[in-house]
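*Asks:* Input: one structure, supplied below.
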Amino acid sequence: MTQPQPPEILCIGSVLWDVIGRSACHMRQGSDVPGRISRLPGGVAMNIAMTLARFGLRPVLLTAIGQDPQGDELIAACGQMGMVTAHVFRSDDLPTDRYMAVEGANGLIAAIADAHSLEAAGEKILRPLVNGTLGSAEAPYAGPVALDGNLTLPVLDTIAHSPAFAAADLRVAPASPGKAERLLPFLAHRRGTLYVNLEEAAILCQQELETTSDAASALLERGARRVLVTDGDRLATEADDQGRVTLQPPKVLVTRVTGAGDTFMAAHIAAESAGNDRETALHRALAAAARYVAGGTPL
144 MTQPQPPEIL CIGSVLWDVI GRSACHMRQG SDVPGRISRL PGGVAMNIAM
194 TLARFGLRPV LLTAIGQDPQ GDELIAACGQ MGMVTAHVFR SDDLPTDRYM
244 AVEGANGLIA AIADAHSLEA AGEKILRPLV NGTLGSAEAP YAGPVALDGN
294 LTLPVLDTIA HSPAFAAADL RVAPASPGKA ERLLPFLAHR RGTLYVNLEE
344 AAILCQQELE TTSDAASALL ERGARRVLVT DGDRLATEAD DQGRVTLQPP
394 KVLVTRVTGA GDTFMAAHIA AESAGNDRET ALHRALAAAA RYVAGGTPL
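Printed below as a string of structure tokens:
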């Protein structure tokens, strides 16, 4: 008897190689300390997809990956984790993207995201959603979509207003505070659920914000349809026009930070896909993120 396929979710955005250096020492500019350096699949879309796969969903990747050996290796790694790569844009003249970060006991010290190939590919990664393969303007894709802010502002603006995305359950996260303003089209077009931290919310709202509840209110006033705002180990808030939930994340010893926000977002999507109410979904997402930053798996 054929087993039913897990539910699909589109993951649109950066899929690349993460090169992460981690040390147990406190670090500052110019520090030279012992530690471990690892290379593993990463990127916002990839981090979200990996967590979604652990929760029993089937991520379908829409991204740009080079046809270089690093790209072939990355495609193989995605397939081994249960991700669908059939719709990935493979360029023969763009290299596979990379991300490099250094983390110490006092958190993220510095990071460089080389996502130039994804940005150069632009709307080419969206072709399956407009040419009828996965959807079109006439018959838009109606399932969940996890979207990251590494895409260019024109591409994000297209997604925010295009009829091809009108029926999708868009879940949107900025790639970093420096790219938070790229989410402004989703405020202007009142589309999607935004996952941001307090700093990113302040950038979007162009004002100082003291708490995640304040940030949620400010984002809704500026046009957001629905928001989830986190602030490290302080209170997190989920809100829309129908109400809000504010919860305290678990207290844990932080051993890593890169990918924590992506884990939170994926766990929340998975919890809601399983039918949990908003308070339970937020609780489970915070718990998964806490386990992740403490060095464990999100489940």
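Numbers in the working numbering are just positions in the sequence shown, counted from 1, shifted up by 143.
Glycine included, every Cβ here is placed at the ideal spot set by N, Cα and C.
(1) Assign Cys168 to one of three DSSP states: helix, strand, or coil.
(2) Please state the DSSP three-state secondary structure of Ser157.
(3) Whole angstroms is fine: what's the gap from Ala244's alpha carbon to Lys267's?
(4) Can Val370 and Leu337 be called in contact, C-beta distance under 7 Å?
(5) Among Ile152, Asp161 and Leu327, which has the Cα closest to the Cα of Glu343?
(6) Near Ala323, what residues of its chain come up, given a Cβ to Cβ distance below 6 Å and the 5 sequence neighbours on each side ignored?
(7) Within the continuous beta strand (DSSP E) that includes Ala433, where are the two ends?
(8) In terms of alpha-carbon separation, which member of Cys154, Gln350, Gly321 and Ser305 lies closest to Phe329?
(9) Under a three-way DSSP split, which group does Met144 fall into?
(10) Using 10 angstroms around the beta-carbon of Gln206, count the other beta-carbons present and answer buried if the total reaches 16, otherwise exposed.
(11) Taking the straight line between their C-alpha atoms, what separation do you get for Arg171 and Pro271?
(12) Mapping DSSP to helix, strand and coil, what is Thr440?
(13) Which parts of the stretch 347-390 are runs of the alpha helix (DSSP H), unbroken and 4 residues or longer, counting only runs that do not cross its ends?
(14) Are the stretch 410-419 and the stretch 182-196 touching, with three or more C-beta to C-beta distances below 8 Å?
(15) Does Asp235 come out as helix, strand or coil in the three-state DSSP assignment?
(16) Tell me which residue opens and which closes the alpha helix (DSSP H) that Ala196 is part of.
(17) Helix, strand or coil: how does DSSP classify Ile152 here?
(18) On the DSSP bridge list, what partners appear for Leu294?
(19) My understanding is that Asn190 touches Thr406, with C-beta atoms under 8 Å, so please give their C-beta distance in whole angstroms.
(20) Measure the C-alpha to C-alpha separation of Met144 and Cys154 and round it to an integer number of angstroms.
(21) Which one of Lys394, Ala367 and Pro393 has the shortest CA to CA distance from Glu381?
*Replies:* Put simply:
(1) For Cys168, the three-state secondary structure derived from DSSP is coil.
(2) In this structure, Ser157 counts as coil in the three-state DSSP scheme.
(3) If I take the Cα positions, the gap works out to 28 Å.
(4) Between Val370 and Leu337, the CB-CB gap stays under 7 Å.
(5) For Glu343, the nearest C-alpha among the options comes from Leu327.
(6) Within the same chain, Ala323 has close Cβ partners Pro317, Glu343, Ile346 and Leu347.
(7) Per DSSP, Ala433 belongs to no beta strand (DSSP E); it is in the alpha helix (DSSP H), Arg421 to Val436.
(8) It is Ser305 whose Cα lies nearest to the Cα of Phe329.
(9) Caution is warranted here: a pLDDT of 49 is assigned to Met144, below 50, making its placement in the model unreliable, and no coordinate value can be reported.
(10) Position check: residue 206 holds Thr in this sequence, whereas Gln was assumed. Burial call: buried.
(11) Here the alpha carbon of Arg171 sits roughly 45 Å from the alpha carbon of Pro271.
(12) Coil.
(13) Those alpha helix (DSSP H) runs which fall completely within the stretch 347-390 and span 4+ residues are 355-364.
(14) The stretch 410-419 makes contact with the stretch 182-196, as at least three CB pairs between them are under 8 Å.
(15) Here Asp235 sits in coil by DSSP.
(16) Taken as a continuous stretch (DSSP letters only), the alpha helix (DSSP H) holding Ala196 covers Val187 to Arg197.
(17) In the structure shown, Ile152 sits in a strand (DSSP, three-state: E or B).
(18) Paired residues: none, contrary to the question.
(19) Right, the Cβ-Cβ distance comes to about 7 Å (below 8 Å), so this counts as a contact.
(20) Low confidence applies to Met144: its pLDDT is 49, below 50, so where it sits in the model is not reliable, and the reading given next is rough at best. So the alpha carbons of these two residues sit roughly 29 Å apart.
(21) Nearest to Glu381 by alpha-carbon distance, out of Lys394, Ala367 and Pro393, is Ala367.
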